[in-house]
Amino acid sequence: MGRGLLARASGLSFDRVKADRGVFGALLESFVFAEVLKLMDASDLRLASYHFRDQPMHEVDVVLERDDGIIVGIEVKASATVKSSDFAGLRTLAEACKEHFAYGVVLYDSTDLVPFGDRLVAAPLSALWG
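Residue numbers for the sequence shown follow full-length UniProt numbering, beginning at 1 and rising by one.
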């Protein structure tokens with residue numbers, strides 16, 4: 001079932017999604033995950049996808065692991081701005097994965113690519129499509 005149809009079947013209207021950033025954020029995360037799965041399917045790389053959450057509740061929406069153990073984390077933000085705290089989950093993932101952590105990306109609603117430290121960047125959602 002498509003995301004739009006599922007949202008509608010759940011009683012979500014455009015007005016409710018527009019008014020409730022939490023609902024919008026959850027739908028956006030679902031959309032990005034589906035797009036990442038499509039890109040994985042089209043890729044020659046062998047990738048597995050996961051979700052990361054530790055005990056203090058730091059999380060990363062999408063974790064991709066290559067067959068050689070290299071890790072990339074993707075966090076989705078339904079915001080036009082990003083701040084250092086938006087990278088908390090990615091930093092925790094980097095610490096947990098040590099040398100296997102390659103990169104962490106926060107996808108957000110902007111056109112700017114903004115570095116946030118070693119192997120961490122904020123990138124526009126449109127980066128999913130090149």
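For every residue, glycine included, the Cβ atom is placed at its ideal position computed from N, Cα and C. Since the structure is predicted, the reported quantities are computational estimates derived from the model, not experimental observations.
In the DSSP assignment, what are the bridge partners of residue i?
{"i": "Phe87", "result": "DSSP lists no partner for Phe87."}
{"i": "Arg119", "result": "None, per the DSSP bridge assignment."}
{"i": "Gly130", "result": "Answer is none; Gly130 lacks a bridge partner."}
{"i": "Pro124", "result": "Tyr108"}
Excluding sequence positions up to five away, which residues of its chain have a Cβ less than 7 Å from the Cβ of residue i?
{"i": "Asp86", "result": "Glu75, Lys77 and Val106"}
{"i": "Phe116", "result": "Ser84, Phe87 and Ala122"}
{"i": "His100", "result": "Gly69, Ile70 and Ile71"}
{"i": "Ser79", "result": "Tyr108 and Asp109"}
Quick one: Cα of residue i to Cα of residue j, how far?
{"i": "Leu37", "j": "Leu27", "result": "15 Å"}
{"i": "Ala48", "j": "Phe24", "result": "26 Å"}
{"i": "Val82", "j": "Lys98", "result": "24 Å"}
{"i": "Leu120", "j": "Ala94", "result": "10 Å"}
{"i": "Leu45", "j": "Asp67", "result": "8 Å"}
{"i": "Pro56", "j": "Leu113", "result": "29 Å"}
{"i": "Asp118", "j": "Glu59", "result": "19 Å"}
{"i": "Met1", "j": "Met40", "result": "Per-residue confidence for Met1 stands at a pLDDT of 47, beneath the threshold of 50, marking its modelled position as unreliable; the derived number appears in the next sentence. Each residue's Cα considered, the two are about 20 Å apart."}
{"i": "Thr92", "j": "Glu65", "result": "16 Å"}
{"i": "Phe52", "j": "Ala96", "result": "10 Å"}
Considering only residues of the same chain and omitting the five flanking positions on each side of residue i, which have a CB-CB separation below 8 Å?
{"i": "Thr111", "result": "Pro124 and Ser126"}
Does the distance from the C-beta atom of residue i to that of residue j stay below 9 Å?
{"i": "Tyr103", "j": "Ala122", "result": "no"}
{"i": "Gly69", "j": "Leu90", "result": "no"}
{"i": "Trp129", "j": "Glu35", "result": "yes"}
{"i": "Asp54", "j": "Val32", "result": "no"}
Here's a check: name, in chain order, each residue in its chain whose Cβ is nearer than 6 Å to the Cβ of residue i, leaving out the five neighbours to either side.
{"i": "Tyr50", "result": "Val63"}
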